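Asks: Have a look at the structure that comes next, please.
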Amino acid sequence: MFLKILIANRGEIAVRILRACRELGIRSVAVFSDVDRNSLHVRLADEAYPIGPAPSRESYLRIDKIMDVARSAGCDAIHPGYGFLAENPALPRACADRGVTFIGPSADAMEALGAKTAGRQLARRAEVPTVPGTQDAIEDPEAAQELARSMGYPVLLKAVAGGGGKGMRLVDADRDFAAAFRDASSEALNAFGNASVYLEKYLERPRHIEIQILADSHGRVVSLGERECSVQRRHQKVIEEAPSPIMTPELRKRMGDAAVRLARAGGYTNAGTVEFLVDAHYNFYFLEVNTRLQVEHPVTEQVTGLDLVKLQIAIAAGHRLPFAWETITPRGHAMEVRLYAEDPENNFFPSPGKILSRHAPSGPGIRVDEGVYEGWTVPMDYDPLLSKLIAWGNSREETIARLRRALDEYSTAGIKTNLALFRRILAERDFLRAEIHTKWLDELLRRPQPAAQSDASRTDAAAVAAALWQATRNGAAETAKPESRWKHAGRHQQLERLL
Ligand code: MV4
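The following block contains the structure:
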């Protein structure tokens, strides 16, 4: 087993990884940029070293600096987390050159599955269903338009190097094809330095369901089942759950088998995720492979009882997976919400700043993965994910009730958060019935807020606000107990709900 692991990341995922290291008796080494000197991952790690200024290009993306720390600190392995360098084959290559183990797939497997068209071709060879469309990047736009006509509109143009909806264009009619092709290409060139785009038949309102796989270096590949990630805002996942409410044992077996075949065909090792779109008739189509640990991995952990980070480390150390996937059945239901420092009133714009007070929920069935603490300042330089709130229950209903209860216990002051968005989603009839698809949340947010409150109730709320404010002040003056700030935050939050 490894003696010391360098964690090439920050925030909640760095904390998550160092916790696994601690449980395994492995020393953890954090790296940090200038603005992360006081971050939680730095405080909790066994050792921590600076790697440069705030912009990630000059710190968390600098392979040379990270490899220097790995050598000088004597690390025998590197965990990349997600984002930053996690899917960059240059990091496993640099590790191989220096005799350090990369905790993830090989550079070759990353490349075989990373580019979207390469993934589609591999899927075809592995007999994994793909959305009808071109196998390669479009060389001849007129031939591609001919294919679009024969498949029927709408079609979707996608960037070969893509992700996150960039370089993607929906084409509704033949006359729009040429312009959409030009737009998609130039956007792809801008975003990824690669203008290549390919074509797919557009699926209306599909679900996004992904399969978590693990592959050891001895040829065993297992599926840990699915996560439903259909609730997204502008291609950013907002809520994830396991199992998918539409899943049957039979469909799970077919999707799991497909994901395992693809991983085998790509020579994949370690943890990975195979993404699928699923249509209203339960047909599934391969979308892409994420060659990393994902943000939403905890929902799989909660329903399988496995620790994915420990398993990643064990696989990288050459251990055999200790189970076959026929033995894995999800138990109960798990759901995760991503709390961000962003302002729902201002188009979810990032809202960094100092966390003046906060209280995190706990109690039965609640897990909180986070990289923040009271008094810490959320920097403006990175993704403003504060906290992942994960609920587990025996049923989807119990899980939702626990998640709502936990959201009511959660309070932060000093920064804006997207907490209210989750209260809204968790009260929506469609969501409660699990009648969701990839466009559902964007459509919900385009509708005006339901039940706009009357002037009378606003006046009442203002009176309550004044009374509470007075009471809080009196309390603070008399006692000044440390918990008074929590109470204040709690009252503040109750008020926000009234207003
Ligand atoms: C699609 C699709 C419908 N049909 N492909 C969006 C991001 C990219 N990774 C794949 N995406 C989609 N591809 C076909 N042929 C709909 C989406 C899509 C989507 C997919 C997953 C999660 C959220 C989404 C939101 C809008 C569109």
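For the sequence shown, counting from 1, position 362 maps to 347 in the numbering used here; every step adds exactly one. Even for Gly, the Cβ is constructed at its ideal location relative to N, Cα and C. Keep in mind it's a predicted model, so treat the numbers as computed, not measured.
Starting from Gln221, follow its DSSP beta bridges and name the residues at the other end.
Replies: Looking up residue 221 in the sequence shown gives position 236. DSSP output for Gln221 lists Arg218 as bridge partner(s).
Asks: Within a Cβ cutoff of 6 Å, which residues of the same chain sit near Val449, ignoring the five residues on either side of it in sequence?
Replies: Numbered from 1 along the sequence shown, position 464 holds the residue referred to as residue 449. Below a pLDDT of 50, predicted positions are generally treated as unreliable, and Val449, at 49, falls in that range; the measurement from the model is reported next regardless. Answer for Val449: no residue qualifies.
Asks: Out of curiosity, what's the CA-to-CA distance linking Ala386 and Asp393?
Replies: For the purposes of this step, residue 386 is identified with residue 401 of the sequence shown, where counting begins at 1. For the purposes of this step, residue 393 is identified with residue 408 of the sequence shown, where counting begins at 1. Cα to Cα, Ala386 sits roughly 11 Å from Asp393.
Asks: What are the boundary residues of the alpha helix (DSSP H) that Pro234 is part of?
Replies: As a working mapping, residue 234 is identified with position 249 in the sequence shown. Start and end: Pro234 to Ala250.
Asks: Within 8 Å: the Cβ of Ser181 and any heavy atom of the ligand MV4?
Replies: The residue given as residue 181 occupies position 196 in the sequence shown. The answer is no for Ser181.
Asks: If I measure Cβ to Cβ from Glu260 and keep anything under 6 Å in the same chain, skipping five residues before and after, which residues do I get?
Replies: Residue numbering aside, residue 260 sits at position 275 when the sequence shown is read from its first letter. So the list reads Glu195, Leu272 and Glu273, once near-sequence residues are dropped.
Asks: Does the beta-carbon distance from Ala33 to Val20 come in below 9 Å?
Replies: Reading the sequence shown from its first residue, position 48 is the one you call residue 33. Reading the sequence shown from its first residue, position 35 is the one you call residue 20. For Ala33 and Val20, no; Cβs fall outside 9 Å.
Asks: Find out if the Cβ-Cβ distance for the pair Leu262, Val116 is shorter than 9 Å.
Replies: Position 277 of the sequence shown holds residue 262. Position 131 of the sequence shown holds residue 116. Result yes, Cβ atoms of Leu262 and Val116 sit closer than 9 Å.
Asks: Taking the C-alpha atoms as reference points, what is the distance between Trp310 and Thr233?
Replies: In the sequence shown, residue 310 corresponds to position 325, counting from 1. In the sequence shown, residue 233 corresponds to position 248, counting from 1. So the two alpha carbons sit approximately 16 Å from each other.
Asks: Whole angstroms is fine: what's the gap from Ala446's alpha carbon to Ile340's?
Replies: As a first step, residue 446 is located in the sequence shown; it is residue number 461 there, counting from the start. As a first step, residue 340 is located in the sequence shown; it is residue number 355 there, counting from the start. Because the pLDDT at Ala446 is just 48, under 50, the model does not fix this residue reliably, and the point stays unresolved.
Asks: Could you tell me the boundaries of the beta strand (DSSP E) in which Arg323 lies?
Replies: To locate residue 323, count along the sequence shown from 1; it is residue 338. Taken as a continuous stretch (DSSP letters only), the beta strand (DSSP E) holding Arg323 covers His318 to Tyr325.
Asks: The beta strand (DSSP E) with His193 in it runs from where to where?
Replies: Position 208 of the sequence shown, counting from 1, holds the residue named residue 193. Arg192 to Ala200 is the span of the beta strand (DSSP E), which, as asked, contains His193.
Asks: Got a sec: does the ligand MV4 put a non-hydrogen atom nearer than 8 Å to the Cβ of Cys214?
Replies: Taking the sequence shown and counting its residues from 1, the one referred to as residue 214 is at position 229. Yes.
Asks: Taking all protein chains shown into account, do 16 or more other C-beta atoms lie within 10 angstroms of the C-beta of Glu(-3), making it buried, or fewer, making it exposed?
Replies: Taking the first residue of the sequence shown as 1, we reach residue -3 at position 12. Counting Cβ neighbours within 10 Å, Glu(-3) comes out buried, since at least 16 surround it.
Asks: Out of Asp61, Ala133, Ala122 and Ala75, point me to the one whose CA is closest to Gly152's CA.
Replies: Start at 1 with the first residue of the sequence shown, and residue 152 comes out as number 167. Among Asp61, Ala133, Ala122 and Ala75, the Cα nearest to that of Gly152 is on Ala122.
Asks: Helix or strand or just coil, what does DSSP make of His203?
Replies: Indexing the sequence shown from 1 puts residue 203 at position 218. In the structure shown, His203 sits in coil (DSSP, three-state: anything other than H, G, I, E or B).
Asks: Pick helix, strand or coil for Ser372, following the three-state DSSP scheme.
Replies: Locating residue 372 in the sequence shown gives position 387, where the first residue counts as 1. DSSP places Ser372 in strand when its eight states are reduced to three.
Asks: Taking contact to mean at least 3 C-beta pairs separated by less than 8 Å, is the stretch 240 to 259 in contact with the stretch 199 to 210?
Replies: Yes: the two stretches touch, three or more of their Cβ pairs being nearer than 8 Å.
Asks: Closer than 7 Å by C-beta to Ser18: which residues in its own chain qualify, once you throw out the five before and the five after it? Chain order, please.
Replies: Position 33 of the sequence shown holds residue 18. Excluding positions up to five away in sequence, the list reads Ile36, Gly37, Pro38, Ala39, Ser44 and Tyr45.
Asks: Going by DSSP in three states, Trp361 sits in which element: helix, strand or coil?
Replies: In the sequence shown, residue 361 corresponds to position 376, counting from 1. If DSSP states are grouped into helix, strand and coil, Trp361 belongs with coil.
Asks: Would you say the beta carbon of Leu141 is closer than 8 Å to some non-hydrogen atom of the ligand MV4?
Replies: Working through the sequence shown from its first residue, we reach residue 141 at position 156. Result yes, Cβ under 8 Å from the ligand MV4.
Asks: Do Val0 and Leu25 come within 9 Å of each other at the CB atom, strictly closer than that value?
Replies: For this step, residue 25 is matched to residue 40 along the sequence shown. For this step, residue 0 is matched to residue 15 along the sequence shown. Cβ atoms of Leu25 and Val0: closer than 9 Å.
Asks: Closest to Phe166 by CA distance: which of Gly178, Leu184 and Asn175 is it?
Replies: As a working mapping, residue 166 is identified with position 181 in the sequence shown. Nearest C-alpha to Phe166: Leu184.
Asks: Enumerate in chain order the residues of its own chain whose CB-to-CB distance from Phe416 is below 7 Å, with the five nearest sequence positions on each side excluded.
Replies: Mapped onto the sequence shown, residue 416 falls at position 431. Cβ neighbours of Phe416 beyond the five flanking positions: Ile410.
Asks: CB Tyr325 to CB Pro315, shorter than 9 Å?
Replies: Position 340 of the sequence shown, counted from the start, is the residue given in the question as residue 325. Position 330 of the sequence shown, counted from the start, is the residue given in the question as residue 315. No.
Asks: Between the Cα of Gly148 and the Cα atoms of Glu172, Leu291, Pro139 and Asp159, which residue gives the shortest distance?
Replies: In the sequence shown, the residue the question calls residue 148 occupies position 163. The residue with the shortest Cα to Cα distance from Gly148 is Glu172.
Asks: What do you reckon, are the CB atoms on Pro65 and Glu96 nearer than 9 Å?
Replies: Counted from its first residue, the sequence shown places residue 65 at position 80. Counted from its first residue, the sequence shown places residue 96 at position 111. No, these two residues do not count as a Cβ contact at 9 Å.
Asks: Kindly provide the ranges of any alpha helix (DSSP H) runs that are 4 or more residues long and lie completely inside the stretch 272 to 304, ordered along the chain.
Replies: Runs found: 282 to 289 and 293 to 301.
Asks: For Asp201, which residues of its own chain have a beta-carbon under 6 Å away from its beta-carbon, when the five flanking residues on both sides are left out?
Replies: The count along the sequence shown starts at 1 and reaches residue 201 at position 216. Result list for Asp201: Ile300, Arg305 and Leu306, in chain order.
Asks: Among the residues of its own chain, which have a CB less than 6 Å from the CB of Tyr395, if the five just before and after it don't count?
Replies: Here residue 395 is taken as the residue at index 410 of the sequence shown, counted from 1. So the qualifying residues of the chain are Pro346.
Asks: Who are the Cβ neighbours of Pro369 in its own chain at under 8 Å, not counting the five residues just before and after it?
Replies: Along the sequence shown, one-based indexing puts residue 369 at 384. Closer than 8 Å at Cβ, skipping near neighbours: Tyr325, Ala326, Glu327, Pro335, Ser336, Pro337 and Val363.
Asks: With DSSP collapsed to three states, give me the class of Pro65.
Replies: As a position in the sequence shown, residue 65 is number 80, starting the count at 1. Residue state, collapsed to three classes: coil.
Asks: Roughly how many whole angstroms lie between the Cα atoms of Leu(-9) and Ala58?
Replies: For the purposes of this step, residue -9 is taken as residue 6 along the sequence shown, with counting starting at 1. For the purposes of this step, residue 58 is taken as residue 73 along the sequence shown, with counting starting at 1. When rounded, the distance between both Cα atoms is 9 Å.
Asks: Going by DSSP, name the residue or residues bridged to Asp354.
Replies: Along the sequence shown, read from residue 1 onward, the residue named residue 354 stands at position 369. According to DSSP, which records beta bridges pairwise, Asp354 is partnered with Lys373.
Asks: Are the beta-carbon atoms belonging to Asn268 and Glu72 less than 9 Å from one another?
Replies: If you number the sequence shown from 1, residue 268 lands on position 283. If you number the sequence shown from 1, residue 72 lands on position 87. No, Cβ-Cβ distance for Asn268 and Glu72 is not below 9 Å.
Asks: How many Å lie between Arg28 and His266 at the Cα?
Replies: Sequence index remark: in the sequence shown, residue 28 carries index 43 (1-based). Sequence index remark: in the sequence shown, residue 266 carries index 281 (1-based). In a straight line, the C-alpha of Arg28 is about 50 Å away from that of His266.
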